[in-house]
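Chains as they are written, first to last, in our numbering: chain W, 20 to 124; chain E, 129 to 522. Glycine included, C-beta positions come from ideal geometry on N, C-alpha and C. As the structure is a prediction and not an experimental result, all values here were calculated from the model.
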Ligand code: SF4
Ligand code: SF4
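And the structure:
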């Protein structure tokens with residue numbers, strides 16, 4: 020597996036840059052990744068979504084389905100896509116150091 | 129120069145057009161196509177696929193329309209290290225003018241492999257093979273200069289497609305082109321920002337001939353039909369008979385519900401029993417046509433196999449008049465999304481969802497009264513489960 024140095028920390032990542040060592044994750048890493056997925060600088064709204072995904076992940080071991088993201092954060096789908104222009108599942112999951120959400124083609 | 133492609137060359141033999149020849153032609157000038165050819169040859173030699181799927185490619189503000197594809201051996205085939213697909217939304221009925229096609233092709237030769245596929249299962253134009261870096265500029269040009277927009281992908285409503293309908297076909301029972309365009313515009317945001325449990329396809333066929341295969345290939349087929357009687361021109365019937373056409377063998381005996389009869393050169397149809405299969409109308413186009421009171425049947429749940437097996441759609445709304453702005457259909461779609469979106473398991477198509485919870489509960493969730501037309505032919509309805517009962521001692 021490839022590694023990447025993000026915010027000064029060396030991490031194992033998958034080929035699309037999703038962090039495979041979640042225990043090493045820090046908010047600084049998230050901030051750094053946010054540049055890649057078009058969300059930099061991170062605002063409070065961005066963090067609200069990222070933390071909601073991390074909490075859900077802790078409980079269920081997966082990134083929540085998109086409708087669920089809208090529900091747990093209270094943001095409308097349209098707003099979510101504005102906040103995370105490359106997708107409100109993939110974007111915050113990558114920033115939050117979670118595995119890539121499963122989706123269909 | 130392209131390497132030797134002994135295996136692929138086999139696919140150029142014979143009188144048929146060959147995709148290999150097409151890729152070779154592109155390979156002469158395009159490095160992506162060149163490596164595509166080399167990787168494909170290797171696949172045939174090793175009997176092994178060298179593609180990997182990838183999810184995170186896209187363009188600004190869209191959650192759909194781009195499908196990530198990577199080579200499993202970028203060291204050997206650097207040209208196809210990234211080979212993403214771009215889905216473009218098709219116009220209703222697949223009508224294009226030559227100018228827009230030329231523009232699209234020029235842009236695609238500039239940014240991609242130059243190879244494309246018309247049309248995919250869902251109805252989109254598929255532009256095959258480009259790099260992550262090129263996706264955004266390619267899309268920007270396609271949308272600003274050639275007026276194309278992205279199609280659907282991922283867990284959301286997909287590109288809607290339809291048959292040519294009234295534009296070219298006399299059997300069309302409603303304006304498939306307009307319904308498709310209208311629904312596409314209405315659900316644009318949902319198409320580009322997927323948020324459903326799984327994909328959701330709508331296809332519009334103008335009559336039961338179902339030229340877009342809606343009944344099998346969409347979650348919500350809208351199929352034209354009529355609720356009065358088949359129009360018969362008895363004079364034209366006589367002409368067929370006098371011309372030596374064997375109506376009894378080719379039409380009457382082949383009516384699946386056996387609801388036709390011929391008396392003293394007059395053709396009669398018991399329309400109550402007619403299942404609108406279109407056979408007689410297709411065979412006697414001069415004498416028969418669909419009735420005058422036209423509309424559509426809305427079905428639900430079709431899909432091909434994936435997690436569960438193939439499901440053929442079943443009737444949800446037996447008859448509906450279709451007039452702009454098609455509000456009933458839009459309300460229905462939203463209701464389905466709310467209910468299925470709330471209670472579906474992850475990656476469960478609406479047909480699978482109905483199989484799990486039962487058609488009865490689904491109808492209740494939709495607020496639709498059960499109707500005998502939904503089960504007029506019980507054995508054709510996959511949502512009805514027949515259980516055999518044995519008495520003790522049997
Ligand atoms: S589905 Fe019916 S209306 Fe549409 S093109 Fe085919 S025959 Fe014509
Ligand atoms: S449409 Fe089909 S079922 Fe109806 S009368 Fe013609 S052949 Fe028979």
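Alpha-carbon to alpha-carbon, residue j and residue i
i, j, result
"residue 233 of chain E", "residue 246 of chain E", "12 Å"
"residue 70 of chain W", "residue 237 of chain E", "43 Å"
"residue 454 of chain E", "residue 169 of chain E", "50 Å"
"residue 479 of chain E", "residue 227 of chain E", "40 Å"
"residue 528 of chain E", "residue 252 of chain E", "Since the first and last residues shown for chain E are 129 and 522, residue 528 of chain E lies out of range."
"residue 140 of chain E", "residue 149 of chain E", "7 Å"
"residue 345 of chain E", "residue 223 of chain E", "21 Å"
"residue 408 of chain E", "residue 368 of chain E", "13 Å"
"residue 51 of chain W", "residue 59 of chain W", "8 Å"
"residue 481 of chain E", "residue 325 of chain E", "10 Å"
"residue 475 of chain E", "residue 349 of chain E", "20 Å"
"residue 270 of chain E", "residue 412 of chain E", "45 Å"
"residue 109 of chain W", "residue 81 of chain W", "12 Å"
"residue 98 of chain W", "residue 275 of chain E", "25 Å"
"residue 437 of chain E", "residue 428 of chain E", "16 Å"
"residue 39 of chain W", "residue 118 of chain W", "7 Å"
"residue 386 of chain E", "residue 501 of chain E", "19 Å"
"residue 120 of chain W", "residue 416 of chain E", "54 Å"
DSSP bridge partner residues for residue i (one or two, in chain order)
i, result
"residue 66 of chain W", "Partner(s): none; residue 66 of chain W has no beta bridge."
"residue 246 of chain E", "E:253"
"residue 332 of chain E", "E:290 and E:350"
"residue 197 of chain E", "E:181"
"residue 416 of chain E", "E:360"
"residue 23 of chain W", "W:30"
"residue 397 of chain E", "E:388"
"residue 314 of chain E", "Beta-bridge pairing links residue 314 of chain E to no other residue."
"residue 240 of chain E", "E:258"
Three-state class that DSSP yields for residue i in the structure shown
i, result
"residue 358 of chain E", "coil"
"residue 186 of chain E", "coil"
"residue 390 of chain E", "strand"
"residue 37 of chain W", "coil"
"residue 119 of chain W", "coil"
"residue 32 of chain W", "strand"
"residue 320 of chain E", "helix"
"residue 210 of chain E", "strand"
"residue 340 of chain E", "coil"
"residue 422 of chain E", "strand"
"residue 427 of chain E", "strand"
"residue 56 of chain W", "coil"
"residue 202 of chain E", "coil"
"residue 447 of chain E", "strand"
"residue 482 of chain E", "helix"
"residue 440 of chain E", "coil"
"residue 215 of chain E", "strand"
"residue 72 of chain W", "helix"
Residue-level contact to chain W via CB, residue i, 8 Å cutoff
i, result
"residue 188 of chain E", "yes"
"residue 272 of chain E", "no"
"residue 283 of chain E", "yes"
"residue 323 of chain E", "yes"
"residue 346 of chain E", "no"
"residue 429 of chain E", "no"
"residue 199 of chain E", "no"
"residue 469 of chain E", "yes"
"residue 289 of chain E", "no"
"residue 474 of chain E", "yes"
"residue 191 of chain E", "yes"
"residue 317 of chain E", "yes"
Member of the options whose CA lies at the smallest distance from the CA of residue i
i, options, result
"residue 213 of chain E", "E:285, E:243 and E:220", "E:243"
"residue 33 of chain W", "E:142, E:167, E:181 and E:159", "E:181"
"residue 354 of chain E", "E:285, E:298, E:424 and E:372", "E:424"
"residue 466 of chain E", "E:179, E:152 and E:318", "E:318"
"residue 100 of chain W", "W:118, W:120, W:65 and W:78", "W:65"
"residue 54 of chain W", "W:113, W:120 and W:67", "W:113"
"residue 197 of chain E", "E:208, E:403, E:138 and E:249", "E:208"
"residue 131 of chain E", "E:145, E:143 and E:155", "E:155"
"residue 442 of chain E", "E:178, E:436, E:426 and E:448", "E:426"
"residue 333 of chain E", "E:356, E:307, E:315 and E:322", "E:307"
"residue 219 of chain E", "E:291, E:361, E:144 and E:162", "E:291"
"residue 529 of chain E", "E:310, E:327 and E:343", "A question about residue 529 of chain E goes unanswered here, because the residues of chain E that appear run from 129 up to 522."
CB contact check: residue i to chain E, cutoff 8 Å
i, result
"residue 97 of chain W", "yes"
"residue 151 of chain W", "Any answer about residue 151 of chain W is impossible in this case: the structure gives chain W only from 20 up to 124."
"residue 57 of chain W", "yes"
"residue 123 of chain W", "The pLDDT assigned to residue 123 of chain W is 47, lower than 50, so where the model puts this residue is not dependable; a value taken from the coordinates is nonetheless given after this. Yes, residue 123 of chain W lies at the interface with chain E (some Cβ there is under 8 Å from its Cβ)."
* What residues from the region 75–90 of chain W come within 9 Å of chain A, judged by C-beta to C-beta, listed N to C? -> Although the question refers to chain A, the structure presented lacks it and instead comprises the protein chains W and E.
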